[in-house]
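Visitor:
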Amino acid sequence: LLQQLQGDDLLQHHLLVPLTPGQQRRRERLMAVIDALNCRYGSGAVQWAACGLQPAWAMRRSRLSRAATTCLAQIPVVHAR
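Read in order, the letters of the sequence shown are residues 34 to 114 in this note's numbering.
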């Protein structure tokens, strides 16, 4: 139930650019909106772009050749008559 809890102070800020009080309030409102959306639509519905995307699909590998084709000399050549 209580997973992935992080305080807003754990978000990495710019090292050389301090936030103004107005920017801090906007950031806190943004965090509240993201938390509300994730609560309503499920965990991970809204994420930071820096977290990356996990594709919901994967390439089918049932017909994958066991031979590596990185060496051009190993690729079979077919001649048509």
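Here a beta-carbon is modelled for each residue, glycine too, at the ideal position from N, C-alpha and C. Because the structure is a prediction, the values reported are computed rather than measured.
First and last residue of the alpha helix (DSSP H) that includes G75?
Guide: Position 42 of the sequence shown, counted from the start, is the residue given in the question as residue 75. Unbroken run through G75: none, as it is neither H nor E.
Visitor: How is R58 classed by DSSP in three states: helix, strand or coil?
Guide: Locating residue 58 in the sequence shown gives position 25, counting from the first residue. In the structure shown, R58 sits in a helix (DSSP, three-state: H, G or I).
Visitor: Taking the alpha carbon of S98 as the reference point, which residue from W90, A89, P109 and A91 has its own alpha carbon closest?
Guide: For this step, residue 98 is matched to residue 65 along the sequence shown. Here the closest residue by C-alpha is P109.
Visitor: Look at R202 and L49 and say whether their C-beta atoms are less than 8 Å apart.
Guide: Limits of the chain in this structure are 34 at one end and 114 at the other, which puts residue 202 out of reach.
Visitor: In whole angstroms, what separates the C-alpha of V79 from that of A91?
Guide: Position 46 of the sequence shown, counting from 1, holds the residue named residue 79. Position 58 of the sequence shown, counting from 1, holds the residue named residue 91. Rounded to whole angstroms, V79 to A91 spans 22 Å at the Cα level.
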